[in-house]
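Residue numbers for the sequence shown follow the working numbering, so the first one is 11 and each next one is one higher.
The C-beta atom is built at its ideal place from N, Cα and C for all residues, glycine as well.
As the structure is a prediction and not an experimental result, all values here were calculated from the model.
Reading through the structure tokens given below for one structure.
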Amino acid sequence: MHPDIYEHFHRDEREFVDRAWEWVVNAGEYHETKLTDFLDPRQRFILESLVNRHPDVHAVYSGGHPDAERVRALVAPDYRDLTHEDMGLNVLGITSGDQKFLSLEHGDYMGSVLGLGIKRSKIGDIYVLEDGCHVVVTDDIGAYLHMNLSQVHRVHVMTELLPMDKLKVKEIKLETMELTVASLRLDGIASDVHRISRTKIVIPIKAGRCRVNWKVVEDPSTMLKDGDMVSMQGFGRFKVLETGGLTKKGRYRVKVGKFT
């Protein structure tokens, strides 16, 4: 790995950069193919950047749906046709007759799946539906989850494995918020979105628990712009939808969408 490549990525990303570059080199030099586990959008960006550095390598990506956030990648020599490759995806359908089931949220399903010893990288997008939940998973763990997932947050559930063409997705809902802030700094906007003091919001940011566009950001003074996606462990996610003009008092008008 050339040291200059590291300059483009956060120090916490170097382990993934090394692995991704190994996939690329093995494809280009040794004609190997690599089907990855699920990548988040930042990891996908890193892999795409590295693939573009090698003239003899290409890749395809799939998460079961055109707008999937988490995807698997197939990295291969450029002469290989990847059009009809099997990306190794299953849909785990989860249902229940318990009325409490309808109140379960994304985090409840995620926690129960991970509680079975499953790595996060084996799980794609989770779609909480009106009458159940569809979870995109790698095909090597589908049968295990089908056999062992019997409870989600103390609610008894039933599961079934479905082909990808049976996947049901749910439109993402955003709670729109109109803010006026002193500046477009990360800590200022995040404190207003999550309704806690700036002093308290700085703590998780400096602890490395905040990501902007899926990249770890530890500087509370980072300036946000239109389209930025901000996630903070323990607080949730929001997107900067629009930064408007100034008020008469010199404050910025900002419209954000908080994921619900």
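Measuring only the C-alpha atoms, how far is residue i from residue j?
i, j, result
"N100", "R221", "28 Å"
"T253", "G218", "25 Å"
"P173", "Y40", "33 Å"
"D66", "G73", "24 Å"
"L124", "S231", "34 Å"
"G273", "I215", "Because the chain in this structure spans residues 11 to 270, residue 273 falls outside the shown range and cannot be described."
"I133", "G121", "11 Å"
"L129", "R263", "Reading off the sequence, residue 129 comes out as Lys, not Leu. Cα to Cα, the separation comes out at about 41 Å."
"K258", "K265", "17 Å"
"S241", "V226", "10 Å"
"V203", "F248", "8 Å"
"S59", "D108", "46 Å"
"L159", "T169", "7 Å"
"H68", "T93", "12 Å"
"G38", "V61", "9 Å"
"G198", "L171", "44 Å"
"A30", "L256", "44 Å"
"E32", "I213", "35 Å"
"D141", "P87", "43 Å"
"L45", "T186", "38 Å"
Starting from residue i, trace the beta strand (DSSP E) both ways and give me its first and last residue.
i, result
"Y262", "262 to 269"
"M168", "168 to 172"
"H144", "143 to 148"
"V27", "Unbroken run through V27 is the alpha helix (DSSP H), 24 to 40; no beta strand (DSSP E)."
"F48", "44 to 49"
Note the first and the last residue of the continuous alpha helix (DSSP H) segment covering residue i.
i, result
"S201", "196 to 204"
"P87", "Taken as a continuous stretch (DSSP letters only), P87 belongs to no alpha helix (DSSP H), being part of the beta strand (DSSP E) at 81 to 87."
"K187", "One detail in the question is off: residue 187 reads as Met in this sequence, not Lys. Premise fails: M187 lies in the beta strand (DSSP E), 184 to 191, not in any alpha helix (DSSP H)."
For residue i, decide whether its Cβ has a neighbour in chain C, counting only Cβ atoms nearer than 9 Å.
i, result
"V222", "Going by chain labels, chain C is absent from the structure shown, which holds only one protein chain."
Would you identify the three-state DSSP class for residue i, choosing helix, strand or coil?
i, result
"A69", "strand"
"Q243", "coil"
"I136", "strand"
"D97", "The residue you asked about is not Asp; residue 97 is Met in the sequence shown. Three-state result, M97: coil."
"G152", "helix"
"G218", "coil"
"G121", "helix"
"I128", "coil"
"K5", "The shown model of the chain, from 11 to 270, leaves out residue 5, and the question about it has no answer."
"E252", "strand"
"V162", "strand"
"V179", "coil"
"L114", "coil"
"R208", "helix"
Where DSSP assigns a beta bridge to residue i, which residues make up the other side?
i, result
"M233", "R195"
"G74", "According to DSSP, G74 bridges with nothing at all."
"G103", "H144, E170"
Original post:
Does the segment 247 to 267 touch the segment 221 to 238, meaning 3 or more C-beta pairs lie closer than 8 Å?
Top reply: The segment 247 to 267 and the segment 221 to 238 touch, with three or more beta-carbon pairs separated by less than 8 Å.
Original post:
Between the segment 200 to 211 and the segment 164 to 181, are three or more C-beta pairs nearer than 8 Å?
Top reply: Below 8 Å, too few C-beta pairs join the segment 200 to 211 and the segment 164 to 181 to call them touching: fewer than three.
Subject >> the segment 98 to 113 in contact with the segment 53 to 61 per 3-pair CB rule at 8 Å >> reply: Because the criterion of three Cβ pairs below 8 Å is not met, the segment 98 to 113 and the segment 53 to 61 do not touch.
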